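Undergrad: In our numbering, the protein residues as written are 104 to 284.
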């Protein structure tokens, strides 16, 4: 990571999801072609609306199977942008990072019974931005540590419910260096 920007990205989508997305996009394109070939100007009402609705549903489903979330941190300008991306199309807007206080790493239960480690940037006392989500503790913690270092703010380990603790980043850094040696 460089000194001015950080890009946090979800892992790439599995190939099976990309194949489903391609099939859904192909179906929506096929329905668009059929719609224009069989356009009936005298009887367009409900059939036209139904076809357009089906095309939109197929397109949106395809988008969900191939979209990717990225978070961009511009440390020089102190701005952040959460972005959802499909290929070159990026949807998101830059927001200033105001009064950043700390980065937290915590364990969040999911609706299916599994858990993930989530990294959040907390600012203005009670507001936060979800930066990263991963199944692996060390992966999430390294991201949280790097962001807290770049922003020169504290790091909170909240992975054990009701036992949150502030991390001594110098101690943690030396442990990581020992593991790499």
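A virtual CB, placed ideally from N, CA and C, is assigned to each residue, including glycine.
The structure displayed is predicted, hence computed values, not measured ones.
Name the two residues that bound the continuous beta strand (DSSP E) containing residue 208.
TA: 203-212
Undergrad: According to DSSP, simplified to helix, strand and coil, what is residue 320?
TA: One cannot answer for residue 320 here, as it falls past the ends of the chain, which runs 104 to 284.
Undergrad: Select from 172, 187 and 244 the residue whose C-alpha is nearest the C-alpha of residue 270.
TA: 244
Undergrad: Expressed to the nearest angstrom, what Euclidean distance is found between the alpha-carbon atoms of residue 105 and residue 279?
TA: Low per-residue confidence applies at residue 105: pLDDT is 45, beneath 50, and the placement is therefore not dependable, though the value from the model is reported in the following sentence. Between residue 105 and residue 279, the C-alpha separation is close to 20 Å.
Undergrad: Skipping 5 residues on each side, what residues in its chain have a beta carbon closer than 6 Å to that of residue 185?
TA: 174 and 195
Undergrad: Do residue 235 and residue 219 have their CB atoms nearer than 7 Å?
TA: no
Undergrad: Can you check whether the CB of residue 158 is closer than 7 Å to the CB of residue 183?
TA: no
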